[in-house]
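Asks: Structure below; questions to follow.
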Amino acid sequence: MLVVWMTTALWFGVLSQLNAQHYIKIKNTKQLYRFFERTPDRIPLISAHRGGPSEGYPENCIATFEQVLRKHPALIECDVRQTRDNRLVMMHDRTLDRTTNGEGRLAEKTWAELKSLRLKDNDGKLTSYKIPTFKEVLEWTKGKTILTLDIKRGVSAKLVVDAIRETHSQHYVAIIVYNLKDALKFHKLAPKLMLSVSVRNEGDITALKKSGIPLRQIMCFAGVGRYEKKEARGYRLKIKRKLIQILHSLKMYATVGTMRSIDRVGKTNIEVYKKVLTDFGGDILATDEPGAAYEAVKLASPKKSSKTKYFRK
554 MLVVWMTTAL WFGVLSQLNA QHYIKIKNTK QLYRFFERTP DRIPLISAHR
604 GGPSEGYPEN CIATFEQVLR KHPALIECDV RQTRDNRLVM MHDRTLDRTT
654 NGEGRLAEKT WAELKSLRLK DNDGKLTSYK IPTFKEVLEW TKGKTILTLD
704 IKRGVSAKLV VDAIRETHSQ HYVAIIVYNL KDALKFHKLA PKLMLSVSVR
754 NEGDITALKK SGIPLRQIMC FAGVGRYEKK EARGYRLKIK RKLIQILHSL
804 KMYATVGTMR SIDRVGKTNI EVYKKVLTDF GGDILATDEP GAAYEAVKLA
854 SPKKSSKTKY FRK
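Heads up: the sequence shown is residues 554 to 866, going by my numbering.
The structure is reproduced here in structure tokens:
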């Protein structure tokens, strides 16, 4: 009996480890603003682009989000689209062909036509996973992490805000916007929402400061960095360092996209990711290689931080 008990206990211990997840726990919007207040002891973050797809785990899929959080803490970046009958669902592409066993434009389909479709992983392999609704993702995320939401063209901002309010999700979402006009639109609809705003130059930051949106409710996307070959000097990183420094002077987080060229190098050389965080001051790596990027985050994190209290396992 003792052997059986010990074996059972060991098995449940293994299962517990396998199912353990890394959480970012935010209780209210004030905590969310403090979490994204840039401090000298900030802990760098990764944002899993399209949710961090990998073999057998499709993009914009709850099972994929869970798989990422089993390995390390991460923000989850994902995409919201609207069906013909005004349901909000998770999908990057305008069409269904690449990521599902369906075809045609998503906006021309009803939810009834979509809900039985199965998702494909990035290699085109069909999985058992279905398209999640926006509300399902909002409900799943509570107490686990923070969503950065890329609201695709043609999607009703009001429907998005209504869903966030209905699920009481304002304290763990940030809306991605690409211009000040859209930032103001979402801020008017929901004045407490966190926004992730793209900035290209100092003028964009000045416009944000004059917009009336509290800066504590904004983190900024400082562009996609590049890893370029220069014949005389070998390779170099091209990232908007001055822009990041200005954001830091305003206590704002700077996200650097590492998709494409940096990810291609970084997945086998994490020092490249580390340089983005330490030499250029990036605070969040928006990446298609969350596992490799997180190894750099560990190296670049301070030994002690006021942000530690938000992380749980």
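Every residue, glycine too, gets a C-beta built ideally from N, C-alpha and C.
Give the straight-line distance between the Cα atoms of residue 559 and residue 573, rounded to the nearest whole angstrom.
Replies: The count along the sequence shown starts at 1 and reaches residue 559 at position 6. The count along the sequence shown starts at 1 and reaches residue 573 at position 20. Caution applies to residue 559, whose pLDDT of 46 falls short of 50 and renders its modelled position unreliable; the model cannot decide the point.
Asks: Counting pairs of Cβ atoms below 8 angstroms between the segment 792-805 and the segment 585-598, do you hit three or more?
Replies: yes
Asks: Since residue 807 is in the beta strand (DSSP E), which residue starts that stretch and which ends it?
Replies: By 1-based counting over the sequence shown, the position of residue 807 is 254. Note, residue 807: beta strand (DSSP E), 807-810.
Asks: Going by the beta-carbon positions, is the gap between residue 702 and residue 631 smaller than 9 angstroms?
Replies: Here residue 702 corresponds to residue number 149 of the sequence shown, with the count starting at 1. Here residue 631 corresponds to residue number 78 of the sequence shown, with the count starting at 1. Going by C-beta atoms, residue 702 is nearer than 9 angstroms to residue 631.
Asks: Looking at the strands, I want to know which residues DSSP matches up with residue 644.
Replies: For the purposes of this step, residue 644 is taken as the residue at position 91 of the sequence shown. According to DSSP, residue 644 bridges with nothing at all.
Asks: Output the distance between the C-alpha atoms of residue 687 and residue 773, rounded to the nearest integer angstrom.
Replies: Sequence index remark: in the sequence shown, residue 687 carries index 134 (1-based). Sequence index remark: in the sequence shown, residue 773 carries index 220 (1-based). About 23 angstroms.
Asks: Distance, Cα to Cα, residue 866 vs residue 715?
Replies: Working through the sequence shown from its first residue, we reach residue 866 at position 313. Working through the sequence shown from its first residue, we reach residue 715 at position 162. Going from the Cα of residue 866 to the Cα of residue 715 covers about 31 angstroms.
Asks: Within the continuous alpha helix (DSSP H) that includes residue 757, where are the two ends?
Replies: As a working mapping, residue 757 is identified with position 204 in the sequence shown. Counting along the chain, the alpha helix (DSSP H) containing residue 757 begins and ends at 755-763.
Asks: Hey, which unbroken runs of the beta strand (DSSP E) at 3 residues or more fall wholly within the segment 602-647?
Replies: 628-635 and 641-643
Asks: When you compare each of 790, 759, 819 and 821 to residue 800 by their alpha carbons, which one comes out closest?
Replies: Stepping through the sequence shown from its first residue, residue 800 is reached at position 247. Measuring from the Cα of residue 800, the nearest candidate turns out to be 759.
Asks: Using CA coordinates, which residue listed in 673, 863, 617 and 641 is at the minimum distance from residue 707?
Replies: Indexing the sequence shown from 1 puts residue 707 at position 154. If we check each option's Cα against that of residue 707, 641 comes out closest.
Asks: Tell me, please, which residues DSSP counts as bridged to residue 590.
Replies: Position 37 of the sequence shown holds residue 590. In the DSSP output, where bridge partners are listed per residue, residue 590 has 805.
Asks: How big is the Cα-Cα spacing for residue 721 and residue 699?
Replies: Position 168 of the sequence shown, counted from the first residue, corresponds to residue 721. Position 146 of the sequence shown, counted from the first residue, corresponds to residue 699. Distance between the alpha carbons of residue 721 and residue 699: 13 angstroms.
Asks: In its own chain, which residues sit with a C-beta less than 7 angstroms from the C-beta of residue 823, not counting the 5 before and 5 after it?
Replies: As a working note, residue 823 is residue 270 in the sequence shown. These residues qualify, in order along the chain: 845, 848 and 849.
Asks: Quick check on the DSSP output: the alpha helix (DSSP H) that includes residue 718 runs from which residue to which?
Replies: Taking the first residue of the sequence shown as position 1, residue 718 is located at position 165. Taken as a continuous stretch (DSSP letters only), the alpha helix (DSSP H) holding residue 718 covers 710-719.
Asks: Hey, is the segment 675-686 in contact with the segment 607-614, meaning 3+ C-beta pairs nearer than 8 angstroms?
Replies: Yes, the segment 675-686 is in contact with the segment 607-614.
Asks: Tell me which same chain residues have a C-beta within less than 7 angstroms of the C-beta of residue 818, skipping the five on either side of it?
Replies: Position 265 of the sequence shown, counting from 1, holds the residue named residue 818. Excluding residues within five positions, the ones whose Cβ falls inside 7 angstroms are 780 and 825.
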